[in-house]
Structures are given as C-alpha cells and as structure tokens.
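Here is the structure we will look at.
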Amino acid sequence: MVDQLPQWAALAPVLALAATGLLLLLIDAIKPSARSNTSMAVTSALGALVSLALTVWFVVAGTGHEDTGGAIYLFADAIKVDTMALFFTAIFASVTALVVVAAHDYFHDHESPAEFYSLVLFSATGMALLAVANSLAVVFVALEMVSLPSYALVGFLKKNRGSVEASLKYFLVGAVSSAIFVFGISLVYAATGSLILSDVAEGIETVDGLAGVAGAGIVMMIGGVAFKTASVPFHFWAPEAYEGAPAPVSAYLSSASKAAGFVVAFRVFTEAFPIGASISAGIDWVLAFGILAVVTMTLGNFAAAVQENVKRMLAYSSVGHAGYALIGLAAISAGGSSNDAVMGAAMAHLLVYGFMNTGAFLFVAMAERWGVGRTFADYAGLAKRAPIACVAMAVFMFSLAGLPPFAGFFSKYFLFMGAIDNGFVWLAAVGAINSVISLYYYSRIVKAMFLDDPSSESALDAVDVRPTGLYGAVIFAAVATVLLLPGFGPVIETAEAAAAALF
Amino acid sequence: MVDAFAYVPAIVLLPFFSFLVALGGGKYLPKGGAFGGIAATAGSFVLSIWVAVTVLGGRTYNETLYTWAGGEQFELTFGLLIDPLSALMLVIVTLIALLVHVFSLGYMNDEGETGLPRYYAGLGLFTASMLGFVVADNLLMAFMFFELVGLCSYLLIGFHFRQEGPPSAAKKAFLVTRFGDYFFLIGVVAVFATFGTAQFAGDGSFPVLAEQALNGEFDAWTPLGLDVGTWFTLVGLLVLGGVVGKSAQFPLHTWLPDAMEGPTPVSALIHAATMVAAGVYLVARMFGFYALTPTTLAIIAFIGGFTALFAATMGVVKEELKQVLAYSTISQYGYMMLALGAGSYVAATFHLMTHAFFKALLFLGAGSVIIAMHHNENMWDMGGLKDKMPVTYATFLAGSLALAGIFPFSGFWSKDEILYEAFIHGLNEPLLLGGWIMGLLAVPVTAFYTFRMVFLTFHGEPRSALARDPEPVRWNVKGPLSVLGVLAVVAGFVNMVPVQKLLGVEGIDLLSQWLDNEFGGIEGVGYSAYNDLLATYAGYEAGTIAGSEEITLIVAAGLGLGLAVLGLLVAWLLYRAPEPTEHTEKLGGAKDVLYNNYYQDEFQVWLAYRTEDVAGGANVFDQGVIDGVVNGISSVSLAGGERVRRIQTGLVTHYAAMLTLGLVALIVVLGVTGGWF
C-alpha cells in the first residue's frame, strides 16, 4: 500500500500539521475581522486529527517497519521515518487535538485567540520533525522550532503578570540550554566529523584521543535534552512556566513537549552514541542518565508533596514523571537482553502520560475557567457540583500514581519490570518508592474533591457554566486512560518494536 | 441433531436473566416479576432434563469455555463439567427452584408483601449462582459461585430488612459462612500451588495428579518439605472449612436456625437445593481427591455423625415449626457428611436427592401452615389443622415419614444406606464406628421431634383462635406440595440396594448404576473408581458380622427402622392427645441446655469478644508501631520536600548558576569515571 506512495509521503503527518498552521495564518490574514475562535479551533483540531489518522494508518500499514523494507530515509539521510517516529507523532497529534479543543473554551473571551492555534500547530510541527530527525543539525533546528512558539505560548496572557514573568524565565533558561546543546553538538562534530547519526556512531568507535571532547559534548547534549524533558538540573523553568502559563499550554508543554525531548534522547543516544562503543571509549552516558533519573524523580515527587497550588503540584509531578521515563535510557546496557523492553515501556509510559497528564491539566483549565481558585482547599467539595469531571480527574490522579486498574499502572509496571530484567533493580526500587510518595499528593486532590466540604456555602457558586469543549477533552482523555488498559497489548508491542529497531 | 450440552450455559443464564429483568423492570411487571422467574426456572428445568437424558445416552461434557487469566504457571478458566452427578444435581436444583417460585406466588404475592421485585431478583440470582456452581469444572469457578450463593442467601435472609431480626440473621449467616470460606479460599490457592490446575475431572485434573503424586509419578509442590500425603490431608481440610460453613456442620452450624428469619420459600430453597446442599455437593464433586486422604475422610465422617446427633437433640425442644425443621436440616446434612466420610458417594448423593424433595416439601408445608396461621409459627398455638387443610396435612405427613426414615418412604432408603455403609466400613475403623453410633442414635431422636411437630401442628384440638379458623391456601401452594409429596414417597425407589441384595432382584439400584457410569460417564469419576481409590489409598474395606452380608444388612436396616419406629411411638405417646402438654420440663436441667442450643451462640459470642481482645492488641501495635513508622516517614518526606521547594528561589540568575554547576558536576563525574583527563 505504502509502496505505491512516493517516499516523501512518509512525512505526511508532519506536513499535515505544518499546512494546518499555515492555513490558520491564512484564515487570520484574509479575514481578520471575521475570525472566530470557533473556526480556528475546529480547523486546528481537524488538522491534528488528520495528522493522527495518517500516523495511525502508517503504523498499521507498517511504514518504516522492517517488514516493509525498513526505515525510510529522506534528504540525504537527514530525515528518518520509522516506527518510533510514528509512535511519538501519534502522541504529539493526540495531545495537540485535546489541547486545541480545550483551548476553545479557555480563550472564549480572549481578544485574539488566532495566534494561539497557529503557534501550537507550528510547535507540534517542530515536534513531529524532531521525531524523524536523523541529523544533529535537524535535531537542533527542530528543537528550536518547538521551543520558540512555546515561549510565546507561555506568555500568551499578555496582561497577566505571572504569565509574562514565566515566559521570560522560560526563555532565559531555554536560551542557556540551547547554547549548551548546540555547543555540545559542535564538540561531537569536532570529535567525529559528522552530523548524520549513523556516521557519528562510526566516529565514536574510532574516537581514541578525542574521547574527552566527545564526552563533554555528549554530556552537554544531555543537558539540552534535560531542558526539554524538564529533568534536574534543567527543570527550574518548569514549575514557574506551568504555573504561569494558561492551563492548556501547561498541558501541552508537560505532555507533548516532554515527549519531544524524549524522542530526541531515545534516537540520538541509541543511534549516534551506541552503548558498547561509548563505554569502551570511556563515555558512560547511561550512568549520567541513571543519576539524572534518580535525582529527577526524587526531587520532583518530594517537591510535589508539599505544594498547595494544584497546578504547581502537577508541574512537579511532571518533573517526577520525566524521571520515570529517563529509566528507559538509564536501565539499558551493552547487549542487555531487555533493552528494547525497558525503552519500549518508557515510550508506552509517555503515551499513557500524554493522556492522563493532559487530562489533569485540562481539568485545572476547567477550574480556572470556572474561577474556583487554585489550591487544594479551593477544590473541596467540587465533586458535588461537577461529578463527571471530578471522576475523570480521579481517574487521572490514580493513573498518574500508577494504581490498577488504570493504564498508568501497566506502563509503570512494564517499565520497572524491564529495569529489573535488565539488572537495574535499584532504579526500579527508587521508582517504586517515589510512586508511593506520589500517591500521597495525588490522593489529596481526590480527597478534597470527594470527601471535603466546601469552605463556604457560596464557594462553589462559581461553577456555573458547562464548557463543552473542555468537558469533551477531559472526558475523552479519561476514557483513553481507562481504555488503554485493555488496549495496552498493541501499544506496548508497537513501542517495543520501535525500540528494538534502535538497537 | 442439536447438542444438549450447547444449552448448558442457558440453564445458568436463564435465571440470571430473570434476575436482571426482575431487578430492572420488576415493578412494571405483573406479580413483581414472578412470571419471569417461573418461566426461567421452568426453562432451565426442561433443559436440565434434556441434559440428563443426554447423559443417560452415554455422553458427558468436560470443556473449558473461557480463559480469563492465563499465565505460565497456570490458567484461570471457566468451563462446564456435565457428568451423571452434575446432571442429577441440575435436575434437582431447577425442579426445587421452579416449585419455590410457584409457591412464592402464594406465600409472597397473595400475602401482599412489598419489595417483590427485589425478592424475585434475589431468587433468580440465587438459582443462577447455584446452577453455576453445579456445572463448574474447576475449583476456582466453584469457589466464585459458592461465594455468590453466600451473597444471595445474605440478601434473601435479610429480605425484611426493616424488622430487627432478619438483618441480624443475614449478617450472621454471611459472617459464619465467610469464616469457613476463608479456609476454602486458602485451599483453592493451595490446590493451584500444589498441582498447577484446579480442574475437577479428566486427564491432568487435580484428583488424578494427586493420585499420581502419591505413587511418585507426579512431582507436587508441598510447603516446608511436607510429605505429600500429609499435605493433601491439610488441603482437604482447608477446603472442608468452606463445606462445614455452608453445609452448617458443627461448629459452624449456628447461622442456619437464625436464617429462618428469611421468607419461608427462601428457607426451602436454601435447605433443599442451594446453599446448604452446596457444601455436600462440593465434597462429592471432588471426591476423587478426598478418597486419597483417609484422615480427612474420618474427620468428615465424625463431624457428620456428631452433627447429626447434636442437631437432632436440639430439635426436640423447639417451639416454632421452622426452628424444628432448621435443626433437622443440620442433622440430615450431618448424615450426608457421614456417608461421604464412610466412602459412600452414592449414599450421600442419594440422601442429598431425597432430602431435597422431602425437606423442600416440609418447608413449603410449613409455609402453608404459616399462611393459614397468619404468620404465627408457634406450634403450641396450632393443633387440629389436619381437617382444615387436608392437602397440606397429607403431604406434610409424607415428608415427615420420609424425614423420620419410615419404610417405604424415600428417606428410609437413603438413610438406611448411609447407616449400612458407615457400619460395614466402621467395623474396621473406630472413628467411623463412632460416627455410625451417633448417626444411629440420632434416628429415634429425629423420628421423635418430627412427629412431635406433626402431632402438635395437625392433631388434637385447636389451641388458638387462629387455628380454629385458618386462612385457606390456593393452588399455587397446593400444587408444589403435591408434586413434592409424591416425590417424597417414591424417590427412594430409584435405589433399593438392600432389596436387591436380599432378594437378588437385579436392576433396581438405578441411582447406583447412574453414578457408577453404567450409562456412561467420565473415566475416573464414578462410584467404582472411587471405591478402588478408597481401597488402595484409604484402606477401606467392607466388614460383615457373622460373616454374612445378608445378616449384616438385616441387622443394620432393622436397627435403623426399629429405632425410627420407637421414636415415632414415643412422640405418639407424649403428644398424641387432644390437649397435649409440655413434657420438656421432665428433662430438668438438660432442657435449658438444649433450649439454648448447648450455649453454642454464647460460646461464639464469647469467642468473638476474645478475638476482639487480640485484635485490640494488634490495634495498639498498629497505631503505635506501624503508624508511628509510617507517620515518621511521611514527616521526613514532607520536611525533605520543604527543603527541595526552597531550591526554587524564583530568581532566574540562580537557576542559570545551578543549572551550569549541575552540568559541570555531571561532566566531572563522567570524566573521572571515563578517564578523559
């Protein structure tokens, strides 16, 4: 089926996102006076869904899969479309669709919402491009393409002091990180003489005297990845950006943008810096990821436990989840039998996380839309006024904490199991302890919503509207979180196949 | 031709649908959903007959239908096992359920009860659960339906939940049986751990593997390096825990008399065909396993014999009609356990069948009397009802004669066979002989309390205004009574083993042939196969007195019948008077003991309080030590979180500095380990 299509058609999901972004600009430019929030939201949601449909079709048809002739290379090997790229594109497209639908209600009284949609779509295009990047140059360009719209999105509420401040901090930390990342690329280029990932891998094998240069470059690249995934010590922007940004943007950044960081890490580190060659050259980047994983999940969960603001708690929990996903890179070893299992589990976790975390942030968006307040105490008794949404939120919370019978349990289970099978019991143990801590702060929300009484009779009178789009997005995310449990088989198989192709 | 076995799931599902219909739309239906239940159980009954006829034709069915959890070590499945035993049981259960549904029209609808949809929904689910239990092909599935049966009994016993007694009785039934089920559950897990399967029959089923393990052909898992024989005994006893609870054997029988708080048709269903029968059926179902463990068998027999006597003595002094019947149920199930322990699978099943008929009859008859007496159950307020309710009297009398074990009513045949088997095997095994003696002693007591009940209720002069002018009952009461009355008289003729042995008439032991796979069955699951196992592994052999089987038979049967007639005559002498008087005073102190059921309830309450004391200690430990540790950890975590939180100063210059320092530290660590410098 795919054979009949030209090779470049493999980029169709990326192109669909880019074209939608341009179309939004066009609509806005032609009829600036007649532009409507609704038409923009519908257009961008359709664009994201088309991209998702194409991606799912490609995955089912086996595009870039070994069975149908292997990965598709384009533009002098600068682009590589394989199963992993499609898997992550599916995450990006799903989150984008959820976010734009939710944003329709969130920005219902905003003066010029049009820019929001095009910025989100362009950022998504960058992510999709990141997923297929096969050259360090493309990686850098795509990364910036993800980041620059993000800065603007965080500061989208121009008159809100918190939003603007968060945007500036995000931009400054981002600038430092980008500088470090691109410097790291230059060092790697200096040591290996190439930017194409497979050529870099060959260069690493014969790096000899330049191990120090290559090693410093690789660690700096880890820094760039850590910024995008909000891992310690590059996480400082995250709590403030997530808290200050409009909630749909927080959802977008914490789910899609984080997954984008991971797709780079998975591809670059397995293909450009193969474990065996790297370790024999004295560059033990697995150890670096191990340290980052432990520190990140511990710091994220401990900090989340003491927050009073729900959005900030979710921000730190998002840092903690970056730590779990890092296990996918930290628990692999040269010739390890479960390398593909653990990395595939990390990918599956990011997919599940894409739904449950987006859903949680969108619930916060709904609370902001109602104006009920931002702290745990403000959520007290909410279940009496908005039972369906609160049940959905409870699903997200328990799934994030990794309790059965929700999808978050399975993905985390496979992740820890893979780590144990690969001999990294200590990583799984730290992860499990952190999960226990996380249950504390996740269940606090559930307790507040269902068990606590509102602080005053009139505290919940703010819940006076039923934002359809937000409701739809939240419920869809909840249903997906639950349905991913029976549907987890195909997901984990696809993810493991994608990971297996990397080794 | 259409295969009957394809419709076995429908036997279970029809009552389940009636449950759903009654629950969902019962209040919109005429008679509160009763007709749905009647139609469903009638359908199940017809299908069961068809299945039984198919089994009679020599075919059986043993298939796994659905694997709901599979692993490398074992699979958890749902499946069906249809052999002569389960086919017979299906017919009994569906027939009783059908009659109970019809009777309920008279007892519940005509009496203007409220909440009928809930009642019929409960009956439907109860029947469905029991049928699911009967057709289960593995122990886990059986356990699940066993629990459902327990749940339904809870719902139905507590039907009149606004009164004080029923909810409390329901709770008691639930908790006491749950106590036994707890051991059963451990037993199920133990069976899985030991054999890796819980299938009842066929190659690779756990009774077969157990036999191979005893021969050293199969390597069964045992804990702590226990000998396989000892371990199998323990597993058997664990499962027996559930049986003792459900079949109301000593010491977990206390729930059953209280369960009389439920509506009378429910009592009939519980006692004759569902809840209580489940325990005995379970032992019969996995008899291939029990036959390998003589110790368990001896314990089963002894518990059974003891319960038979113990419960019978308590029945002697009760004043309420249903109470007497309740204790008689406990006693009769004791007989069945005695039979199983004595190795007589056929006698136990036989008594299970005859008892199902005559006990359902007696309960429905009692229900009829209760309708007539406007729900006054005290026998001392009755009397003289025989002329006013002839159908009820005639059928109740037939049931009583069967219960008392009077020739030639059905109970005589089955009880006689049990005592005979216990006797001949007991000649070589003292514990069994003890069981037999107690079983034999219970015979006159049974006859006595049964006819005390009959005389007080139906004979003499009416002793209250209610008894002088009873409310008439309709066809829906008399119909089921008549059907069961006939069965109580004739059901015994299906297995006239003593007659065959004495007179040499061949072919009148139909039930024995049926259960001995004469018409076809599953290999290794049948009377002869069990007898071989018993002879090989349990060392069971039949003894005789004076070296002659005939003499042994005549002595045993004569003893049983003679004692039954004696009991009847004593009851006649004491209570067959126009104005009978209370004779229990003559028992002196013993009366109080009997009246208070040997203070069993008091003992259990005392035990519960002692348990509470122990639990109190555990609570202190939990609050102090466990919670202390947990709280300590959480305060440390939260304090740590506060520290971490302070890293986030809000100043972006600090962020840039820390970020750079972190990166440098990482480079240094990797550089040192990798030797870059």
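These protein sequences, in sequence, are chains A and B.
The first sequence stops at residue 493 when you use the working numbering, and every number in between is there.
The second sequence stops at residue 720 when you use the working numbering, and every number in between is there.
Positions of the beta carbon are idealized from the N, C-alpha and C atoms, including for glycine.
Here the structure is a predicted model, which means the values were calculated and not measured.
Are the Cβ atoms of Ala92 of chain A and Val342 of chain A separated by less than 9 Å?
no
Which residues does DSSP pair with Asp552 of chain B in a beta bridge?
B:Asn538
Taking all protein chains shown into account, decide if Val63 of chain A is buried (16 or more other Cβ within 10 angstroms of its Cβ) or exposed.
With the sequence shown as reference, residue 63 of chain A is identified as Tyr, and Val is not the correct amino acid for it. Flag for Tyr63 of chain A reads buried.
Residue of A:Ala409, A:Asn424, A:Ala438 minimising C-alpha distance to Ala391 of chain A:
A:Asn424
Can you list, in chain order, the residues of its chain with a C-beta nearer than 7 Å to that of Leu198 of chain B? Leave out the 5 residues immediately preceding and following it.
Gly165
Residue of B:Ala311, B:Ala171, B:Leu283 minimising C-alpha distance to Ile200 of chain B:
B:Ala311
Inter-residue Cα distance where the pair is Gln118 of chain B and Ala244 of chain B
Note that residue 118 of chain B corresponds to Glu in the displayed sequence, not to Gln. The alpha-carbon atoms of Glu118 of chain B and Ala244 of chain B are separated by roughly 16 Å.
Pairwise C-alpha distance: Gly684 of chain B and Ser308 of chain A:
15 Å
Show which residues of chain A have a CB atom less than 8 Å away from the CB atom of Ser91 of chain B.
Under the 8 Å cutoff, chain A gives no residues; its nearest Cβ is about 35 Å from Ser91 of chain B.
What residues in the stretch 436 to 459 of chain A bring their beta carbon closer than 8 Å to a beta carbon of chain B?
none
Mind checking whether Gly259 of chain B and Thr220 of chain B have CB atoms under 9 Å apart?
no
List, in order along the chain, the chain A residues whose C-beta lies closer than 7 Å to that of Trp719 of chain B?
Ala201, Gly202, Gly205, Gly272
May I ask you to report which of helix, strand or coil DSSP gives Ser328 of chain A?
coil
Quick one: list the residues of chain A neighbouring Tyr109 of chain B, beta-carbon separation under 7 Å, in chain order.
Near Tyr109 of chain B there are no residues of chain A at all, since even the closest Cβ is about 16 Å away, more than 7 Å.
Enumerate, from N- to C-terminal direction, the unbroken alpha helix (DSSP H) stretches of 4 or more residues contained entirely within the stretch 386 to 458 of chain B.
388 to 415, 433 to 447
Between the alpha carbons of Gly322 of chain B and Tyr580 of chain B, how many angstroms are there, rounded?
24 Å
Nearest to Ala403 of chain B (by Cα), restricted to the options B:Gly442, B:Thr716, B:Tyr492:
B:Gly442
When you compare the CB positions of Phe222 of chain B and Leu138 of chain B, do they come within less than 9 Å of one another, or not?
no
Do you know whose CA, among A:Ala118, A:Val90, A:Leu119, lies nearest Phe106 of chain A's CA?
A:Val90
Exposed or buried, Ala328 of chain B, counting other C-beta atoms within 10 Å across all chains shown (16 or more means buried)?
The residue asked about is misnamed: residue 328 of chain B is Arg in this sequence, not Ala. Flag for Arg328 of chain B reads buried.
Pick helix, strand or coil for Leu124 of chain B, following the three-state DSSP scheme.
strand
Go ahead and pull the three-state DSSP assignment for Thr110 of chain B.
strand
Counting only Cβ-Cβ distances shorter than 8 Å, please list the residues of the stretch 665 to 683 of chain B near chain A, keeping chain order.
Ser677, Ser680, Leu681, Gly683
Does Tyr698 of chain B get closer than 9 Å to chain A when you measure Cβ to Cβ?
yes
Cβ pair count under 8 Å reaching 3, the stretch 409 to 419 of chain B against the stretch 495 to 512 of chain B:
yes
Count the other CB atoms, across all protein chains shown, that sit within 10 Å of the CB of Ile373 of chain B; report buried if there are 16 or more and exposed otherwise.
buried
Counting only beta-carbon separations shorter than 9 Å, does Thr703 of chain B have a partner in chain A?
yes
Cβ of Leu381 of chain B within 9 Å of Cβ of Gly478 of chain B?
yes
Integer Cβ distance of Leu549 of chain A from Tyr232 of chain A, believed to fall under 8 Å:
Since the first and last residues shown for chain A are -9 and 493, residue 549 of chain A lies out of range.
Under DSSP, the alpha helix (DSSP H) around Leu158 of chain A begins and ends at which residues?
151 to 182
Whose C-beta lies closer than 6 Å to the C-beta of Trp719 of chain B among residues of the same chain, with five residues either side of it excluded?
none
Tell me the DSSP secondary structure of Thr365 of chain A in three-state form.
strand
Rounded separation between Pro449 of chain B and Gly386 of chain B - CA only
In the sequence under discussion, the amino acid at residue 449 of chain B is Ile, which differs from the Pro named in the question. Between Ile449 of chain B and Gly386 of chain B, the C-alpha separation is close to 24 Å.
Label Val55 of chain B either buried or exposed according to how many other C-beta atoms from any shown protein chain fall within 10 Å of its C-beta, with 16 as the threshold for buried.
buried
Tell me which residues share the same chain as Ile378 of chain A and place their Cβ nearer than 8 Å to its Cβ, disregarding the 5 neighbours each side in the sequence.
Tyr461, Ile465
To the nearest angstrom, report how far apart Thr33 of chain A and Leu13 of chain A are at their CA atoms.
8 Å
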